[in-house]
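Only one structure is covered here, and it is reproduced in the block below.
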Amino acid sequence: MASCVLAYSGGLDTSVLLVWLQEQGYDLHCVYVDLGQPCEDREAILKKAKDLGAKSARIVDVREELCRDFAIPVMQWQARYEGIYLLGTSIARPIISKACLQVAREVG
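The sequence shown begins at 115 in this note's numbering and counts up by one.
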């Protein structure tokens, strides 16, 4: 069976996707990427992923790297979307992808 790494938040969208991907024949490895966002119970998110059938679920803490390599440079550059909005959510996408890729390499 093929494996798939899923950036998993524990919300409705990623939970439905987890189940759907399993129905398509994938073994799922879920990754909750800790960007420093508020979260009351990360362990409950991992449990939910496993309860839904994920082969594995883990937390990858990227807070320091996000600040050092992404957030601070974006602020220094005053990077803006459409010249108005400070980049916020979008700066996290590359580091989330990187964390998932690292897990994919580990699980094969």
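For every residue, glycine included, the Cβ atom is placed at its ideal position computed from N, Cα and C.
Taking only the alpha-carbon atoms, compute the straight-line gap between residue i and residue j and give it to the nearest angstrom.
| i | j | result |
| --- | --- | --- |
| LEU132 | ARG172 | 14 angstroms |
| ARG207 | ARG156 | 20 angstroms |
| MET189 | SER204 | 13 angstroms |
| MET115 | GLY139 | 6 angstroms |
| GLY197 | ILE186 | 18 angstroms |
Please name the residue, chosen from the options, that lies closest to residue i on a Cα-to-Cα basis.
| i | options | result |
| --- | --- | --- |
| GLY125 | ILE159, SER117 and VAL147 | ILE159 |
| ALA121 | TRP191, ALA193, ALA213 and GLU220 | ALA213 |
| LEU215 | TYR146, GLN136, GLU137 and ARG177 | TYR146 |
| SER129 | GLU137, SER211, TRP191 and LYS162 | LYS162 |
Between residue i and residue j, is the Cβ-Cβ spacing less than 9 angstroms?
| i | j | result |
| --- | --- | --- |
| LEU142 | SER117 | yes |
| ASP127 | ASP148 | no |
- Between the region 161 to 171 and the region 180 to 199, do at least 3 Cβ pairs fall closer than 8 angstroms? Proximity of the region 161 to 171 to the region 180 to 199 falls short of the contact definition, fewer than three beta-carbon pairs being nearer than 8 angstroms.
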